[in-house]
Amino acid sequence: MIWESLQNLMKIEGVLLLETGMRIGAGMQSAEPTASDLPVIQLPDGRPFIPGSSLRGAVRSHMERIVRALETVESKPYSGRGACNPVVQNEWCITAEQMRKWRGEVGEKRNPDLELAKRIWEGSCRICRLFGS
Numbered sequence: 022m023i024w025e026s027l028q029n030l031m032k033i034e035g036v037l038l039l040e041t042g043m044r045i046g047a048g049m050q051s052a053e054p055t056a057s058d059l060p061v062i063q064l065p066d067g068r069p070f071i072p073g074s075s076l077r078g079a080v081r082s083h084m085e086r087i088v089r090a091l092e093t094v095e096s097k098p099y100s101g102r103g104a105c106n107p108v109v110q111n112e113w114c115i116t117a118e119q120m121r122k123w124r125g126e127v128g129e130k131r132n133p134d135l136e137l138a139k140r141i142w143e144g145s146c147r148i149c150r151l152f153g154s
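For the sequence shown, this note's numbering assigns the number 22 to the initial residue and increments by one for each residue that follows.
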């Protein structure tokens, strides 16, 4: 129900201009003895490549700062609003303890996966809803 269809799509286009050096590693060593010890991810034509996951992390971090700056503490950034704190466990929008509790509760339901998905969606902050948790 929640993830059955694509309901919204946002396309972000832009040009990156580097002011300093940048390196996104390939994460594996080459079999060639003359290759660099720190390979850079490249397209087949040799141009450098920045994976979407790298950009996603940077955009998420920036969005978290913006949301936290705009929302007051009184507005409780949890329950589908704001941005939780992924660094401090007891400030997550859904704690590990809450997740264990929900898993136990939905185990007896007719469609436990759907019920758990609904609870996760309702308990997630805006940033976790957009980027995942």
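Cβ atoms here follow ideal geometry from the backbone N, Cα and C, with glycine treated the same way.
Which two residues bound the contiguous alpha helix (DSSP H) that contains residue i?
i	result
K139	133-144
V127	117-127
L151	147-152
Excluding five sequence neighbours on each side, which residues of the same chain lie with their C-beta closer than 6 Å to the C-beta of residue i?
i	result
S100	Model confidence at S100 stands at a pLDDT of 45, short of 50, so the residue's coordinates are unreliable and nothing is read from them.
R81	F152
W113	C105
I33	none
With which residues is residue i paired in a DSSP beta bridge?
i	result
P69	Q63
How big is the Cα-Cα spacing for residue i and residue j?
i	j	result
R102	P69	37 Å
R150	R121	20 Å
N29	F152	13 Å
G125	S154	20 Å
A79	I87	13 Å
L38	M31	22 Å
L64	M84	29 Å
G144	D66	45 Å
Check the C-beta distance from residue i over to residue j and give it rounded, since I have them as a contact under 8 Å.
i	j	result
A104	I148	4 Å
S75	I45	6 Å
By Cβ distance below 7 Å, which residues in the same chain neighbour residue i in space, the five residues on each side in sequence not counted?
i	result
I179	Since the first residue of the chain shown is 22 and the last is 154, residue 179 is not available in this structure.
Enumerate in chain order the residues of its own chain whose CB-to-CB distance from residue i is below 8 Å, with the five nearest sequence positions on each side excluded.
i	result
R77	F152
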